[in-house]
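As given, the protein sequences belong to chains A and B, one line each in that order.
Going by the working numbering, the first residue of the first sequence is number 23, and it counts up by one from there.
Going by the working numbering, the first residue of the second sequence is number 385, and it counts up by one from there.
Ideal placement from N, C-alpha and C gives every residue a C-beta, glycine not left out.
Everything below concerns the one structure shown next.
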Amino acid sequence: MSGYLVETKKLTKKFGNQLAVNNVDLKIERGAIYGLIGRNGAGKTTIMKMICGLSSANSGEISLFGKSGEESRECLGRIGTLIENPGIYPRLSAYDNLKLKCIANGIPEQKKYIADILQMVGLSDAAQKKAGRFSLGMKQRLGIGLALIGEPDLCVLDEPINGLDPQGIAEIRELIYKLNKERHITFMISSHILGELDRVATHIGIINDGRLLEEQTIEELHAKCMNRIELQTSEPDRAAAMLEEMGYKNYKVVNSNLIYLFDGVDNLKGITRGILDADISFTNIGICNGNLEEYFLEKCGGVENA
Amino acid sequence: MLKFIKMDFYRVSRQKSTFIFLAIVVGIVLMTLGATRLEQELLNSDLLTAEETQIFTSTMEMTDSADSGILAGGIGMNVNPSLEWMDPDSEVPVFEFAEQPLKGGMIAILIMVYAVIFGYAERRNGYIKNLVGEKHFKAKLLLSKMSVVAVFTAVVFLVLYLAMMLFAPLIMMNSISYSISGDMFLAIIAQYAVHLALGAFTLLLTIIFEGTTLPIVIGTLLSMGIFGLLYNLINSLILKLFDKAVSVANYLPSGQLRLMNGGAADGDISRGFIVAGVFIVLYLILACFIAEKKDVK
Numbered sequence: 023m024s025g026y027l028v029e030t031k032k033l034t035k036k037f038g039n040q041l042a043v044n045n046v047d048l049k050i051e052r053g054a055i056y057g058l059i060g061r062n063g064a065g066k067t068t069i070m071k072m073i074c075g076l077s078s079a080n081s082g083e084i085s086l087f088g089k090s091g092e093e094s095r096e097c098l099g100r101i102g103t104l105i106e107n108p109g110i111y112p113r114l115s116a117y118d119n120l121k122l123k124c125i126a127n128g129i130p131e132q133k134k135y136i137a138d139i140l141q142m143v144g145l146s147d148a149a150q151k152k153a154g155r156f157s158l159g160m161k162q163r164l165g166i167g168l169a170l171i172g173e174p175d176l177c178v179l180d181e182p183i184n185g186l187d188p189q190g191i192a193e194i195r196e197l198i199y200k201l202n203k204e205r206h207i208t209f210m211i212s213s214h215i216l217g218e219l220d221r222v223a224t225h226i227g228i229i230n231d232g233r234l235l236e237e238q239t240i241e242e243l244h245a246k247c248m249n250r251i252e253l254q255t256s257e258p259d260r261a262a263a264m265l266e267e268m269g270y271k272n273y274k275v276v277n278s279n280l281i282y283l284f285d286g287v288d289n290l291k292g293i294t295r296g297i298l299d300a301d302i303s304f305t306n307i308g309i310c311n312g313n314l315e316e317y318f319l320e321k322c323g324g325v326e327n328a
Numbered sequence: 385m386l387k388f389i390k391m392d393f394y395r396v397s398r399q400k401s402t403f404i405f406l407a408i409v410v411g412i413v414l415m416t417l418g419a420t421r422l423e424q425e426l427l428n429s430d431l432l433t434a435e436e437t438q439i440f441t442s443t444m445e446m447t448d449s450a451d452s453g454i455l456a457g458g459i460g461m462n463v464n465p466s467l468e469w470m471d472p473d474s475e476v477p478v479f480e481f482a483e484q485p486l487k488g489g490m491i492a493i494l495i496m497v498y499a500v501i502f503g504y505a506e507r508r509n510g511y512i513k514n515l516v517g518e519k520h521f522k523a524k525l526l527l528s529k530m531s532v533v534a535v536f537t538a539v540v541f542l543v544l545y546l547a548m549m550l551f552a553p554l555i556m557m558n559s560i561s562y563s564i565s566g567d568m569f570l571a572i573i574a575q576y577a578v579h580l581a582l583g584a585f586t587l588l589l590t591i592i593f594e595g596t597t598l599p600i601v602i603g604t605l606l607s608m609g610i611f612g613l614l615y616n617l618i619n620s621l622i623l624k625l626f627d628k629a630v631s632v633a634n635y636l637p638s639g640q641l642r643l644m645n646g647g648a649a650d651g652d653i654s655r656g657f658i659v660a661g662v663f664i665v666l667y668l669i670l671a672c673f674i675a676e677k678k679d680v681k
C-alpha cells in the first residue's frame, strides 16, 4: 500500500445482518489531525476499533505505517488509543492506572515519566486519588494520558472531549495541537462537537450509515461550507436535470423549493444563464455562506436523520 | 508476555480483593475446625441419646464413603471429618484433615470466583483497550491471567495448610500430628493441579460468555458436584451401550476433586495429574483461540 500512516481499502464490518462499516476507503496522512464526523451508530467507533486491532474486519484491508496484512499488526504498538469510555481500574489511583500501562509497555524510570504524563493531562494533583472517584472529565483526561504512554506515533481518540467542561475542552484541544506540532503525533479523533473538530482537525472524514461520504482537508471543507449556490425554484427536478447536463453533480435538492449546489460558485453567471435558457422558473439564486454543521447535516440527510 | 505478567502481578499487589480472598480461606479453615469441634463436643457429651448418636455416626460414615470416591459425583458440600477423629484421644494428622475444605469444594469455588473476577476485570472496565500493541495480545493477556491464577492457587493452598497447622491445635480437642507422607504430598500437588484446571475452565467460560455471572454460577455448581447427575447418566449410558462400567468423573477435573486424598491409590493421583494437565492445556488453547477470534466489546 501507499505512504499513508493509515489507509483502509474497502473496509467492511457486519454485525449479524447489519452492515456497520461499508466499503470504507480512508486515508490518514502522517502528521495530520484527522477528524471523523458521524452521528451515533454511523460506524466511527467500529472503524477505530478495527484500525487498533480490537475488532476484525469482515472484508477489506487496513494498512498501518505503510504495512499491510499481518505485518501491519506489528505496528499496533505505535498506536495509543482511547476508544469509547476511558478504560480504567476504578479502584486504583490515576498513578497506578498509568503505571500498569508503563509496565505493559516495558517503560523504565516510570515515576518521572508518569509525573510528566499526569502534568500534561492536568491530573498532577489527583495522582493518588482513586480513578473511580474522578469526574467524567477527569476520567477522559486519564484516558488520554493512558493513550499517550509509550510515545505513540498515532493516537486514536474516540470522543475525547466527551464530558469535559469548556475549559477542559480548550485544554485538550491545546494538548492535541501541541502534541501534534511538537511531538509530531498523528491524531485520529471522532467527535460529535463539530465546532471543536473544526478548530483542531486538519482533515475531516464524514461518515454516515457505515459509508465514508467525504474525506478532505479542512480548507477544502471550509471552502465547500462557506460557499454554495442556493437556488429557489418551483421546478427542482428540471433544475437538477439542467445542473447535471452542465456537469454539476455535487448538489442537493433540499425541498420542493430549494436546491444547494456545492460546486460552480465561481460560475454563478453561467449557471443563471443556463436556468434562464432552459426556461426554469426561479425566485432567487445566489451564493450563500454555510457552516460545518449545516454541511454535515445536509450530507447526512438532514436534521431528522442526524 | 512477561511484561503482561509483571503488569498483572503489580495489579494483584495494589488491589485488596486478593487479600480478602485469602482471608476467606482462613475463615473456611476456622469454620471447618469450629464445626468439627462442635461435633466432637456433641458426640462426647450426654446430650445425645444412644439412638441419636447411632444416626449421627451412620450419616458421617456415609459421607466418609462418598469422600473416598466410591460415590464420586455426589452432590453437596458437606464433607465430614473421619469418624475416628471424633474421639478426643485420637491423633489428627493435620495435612489429612486439611483435605476437608478441598474435597468439599469451597476452595475450588473460591479459586474459580477469583479467576473470573481477576481474569475478566480488564475486559469489564475496558482497560484491555489500552493494551493494544502486541501481536496476539488478547491470548497473551489470557496466559498472563492464568499465571496469576496459578500463583494465587498455590498461595491459597499454602494459606490453607498453614492456617490449619496454626489453628488446629488451638481449636481441636485432639492432639495434632504434623507428619506428611510422600503419597499425601503428591495428593496435595495433584489437588493443586486439579484446582488449577478448574481455574482455567472458568477463564475459558469468561471468554465464551463475555461476563462474570454465568461462569461463577457454572463454577459453583461444578464444585458442588451438581454435574454428578450428568456423569452418572453418561456412566449408565456407556454401561447400556457398551456393557462397560466406566466412571467419567475419573476423567474430569471436577470429578477428580473428591477422589484425591492421602489414602488415594497411586492410579488416582497419577490420573489426577494427567487429567488436570490435559484439561489445563485444552482449556487454555481453546480460550486463547476464542479470545483472538472475538472482538473486544
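Buried versus exposed call for B/ALA577 [16 or more other C-beta atoms within 10 Å across all chains shown]
buried
Check each residue of the stretch 98–113 of chain A: if its Cβ is closer than 9 Å to any Cβ of chain B, include it; give the result in chain order.
LEU98, GLY99, ARG100, ILE101, GLY102, THR103, LEU104, ILE105, GLU106, ASN107, PRO108, GLY109, ILE110, TYR111, PRO112 and ARG113
Quick one: is A/ARG163 buried, meaning 16 or more other Cβ sit within 10 Å of its Cβ, or exposed?
buried
Per the DSSP calculation, B/TYR394 is bridged to which residue(s)?
Answer is none; B/TYR394 lacks a bridge partner.
Given a threshold of 16 other Cβ atoms within 10 Å of its Cβ, counted over all protein chains shown, does A/THR305 qualify as buried or as exposed?
So A/THR305 ends up on the exposed side.
Restricting to runs no shorter than 4 residues, where is the alpha helix (DSSP H) found entirely within the stretch 140–220 of chain A?
158–170 and 188–204
Neighbour flag for B/LEU515 against chain A, beta carbons, 9 Å
Taking Cβ atoms only, chain A reaches closer than 9 Å to B/LEU515, which makes this a yes.
Measuring CA to CA, which of A/VAL178, A/GLN150, A/GLU242 and A/LEU114 is closest to B/GLY505?
The sequence shown places Ala at residue 505 of chain B, rather than the Gly named in the question. Out of A/VAL178, A/GLN150, A/GLU242 and A/LEU114, A/LEU114 has the C-alpha closest to the C-alpha of B/ALA505.
State the Cα-Cα distance for the pair B/ALA660 and B/LEU621, rounded to the nearest angstrom.
25 Å
Using a Cβ-Cβ cut-off of 9 Å, state whether A/ALA192 counts as contacting chain B.
Chain B places no beta carbon closer than 9 Å to that of A/ALA192, leaving this residue out of the contacts.
Using the Cβ count rule (16 or more neighbours within 10 Å means buried), how would you classify B/SER559?
exposed
Under 9 Å, Cβ to Cβ, is there at least one residue of chain B near A/ILE207?
no
Of all the CB atoms in chain A, is at least one closer than 9 Å to the CB of B/ILE512?
yes
Nearest-angstrom beta carbon gap, A/GLY167 and A/LEU201 [assumed within contact, 8 Å]
The pair is not a contact, with the Cβ atoms about 12 Å apart (cut-off 8 Å).
So, does the CB of B/GLN484 fall closer than 9 Å to a CB anywhere in chain A?
no
Under a Cβ-count criterion, where at least 16 other Cβ atoms within 10 Å of its own Cβ denotes burial, should A/CYS97 be classed as buried or exposed?
buried
Taking a contact to mean a Cβ-Cβ separation below 9 Å, would you say A/ILE207 touches A/VAL222 in this structure?
no
Quick check: what's the CA-CA separation for B/ILE491 versus B/VAL413?
10 Å
Classify B/MET415: buried if its beta carbon has 16 or more other beta carbons within 10 angstroms, exposed otherwise.
exposed
Contacting positions in the stretch 385–398 of chain B - beta carbon closer than 8 Å to chain A
LYS387, PHE388, LYS390, MET391, TYR394, ARG395 and ARG398
CA-to-CA distance, B/GLY566 to B/ALA538, given in whole angstroms:
18 Å
Starting from the beta carbon of B/ASN509, find every residue of chain A whose beta carbon is closer than 8 Å, and list them in chain order.
Residues of chain A passing the Cβ test: GLY109, ILE110, TYR111 and PRO112.
Could you list which residues in chain A have their beta carbon closer than 9 Å to that of B/VAL532, in chain order?
Near B/VAL532 there are no residues of chain A at all, since even the closest Cβ is about 13 Å away, more than 9 Å.
N-terminal and C-terminal residue of the alpha helix (DSSP H) that A/CYS124 is part of
116–127
According to DSSP, is B/LEU399 helix, strand or coil?
Per the sequence shown, the amino acid found at residue 399 of chain B is Gln instead of Leu. If DSSP states are grouped into helix, strand and coil, B/GLN399 belongs with coil.
Cα separation between A/PHE284 and A/PRO188?
33 Å
Evaluate A/VAL28 with the Cβ neighbour count: other Cβ atoms within 10 Å of its Cβ, from every protein chain shown; 16 or more gives buried, anything less gives exposed.
buried
Secondary structure of B/ILE674, DSSP reduced to three states
Helix, per DSSP.
Which stretch, first to last residue, makes up the alpha helix (DSSP H) that contains B/HIS743?
The structure shown does not extend to residue 743 of chain B, since chain B is modelled only from 385 through 681, so no value can be given for it.
Host beta strand (DSSP E) of A/GLY82 (start-end):
81–86
Give me the Cα-Cα distance between A/LEU17 and A/ILE228, rounded to the nearest whole angstrom.
There is simply no residue 17 of chain A to check, as chain A begins at 23 and stops at 328 in what is shown.
Helix, strand or coil at A/CYS97 according to DSSP, with G and I counted as helix:
coil
Label B/PHE521 either buried or exposed according to how many other C-beta atoms from any shown protein chain fall within 10 Å of its C-beta, with 16 as the threshold for buried.
buried
I want to verify the contact list: residues of chain A whose CB lies under 7 Å from the CB of B/LYS519, in sequence order.
ARG95 and GLU96
Taking 9 Å as the threshold (C-beta atoms), are A/LYS35 and A/GLY349 in contact?
Nothing about residue 349 of chain A can be reported from this structure: the residues present for chain A run from 23 to 328 only.
I'd like to know whether the C-beta of B/ILE454 is nearer than 9 Å to at least one C-beta of chain A.
Reliability of the predicted coordinates at B/ILE454 is poor, the pLDDT of 35 falling under 50, and no value is obtained from them.
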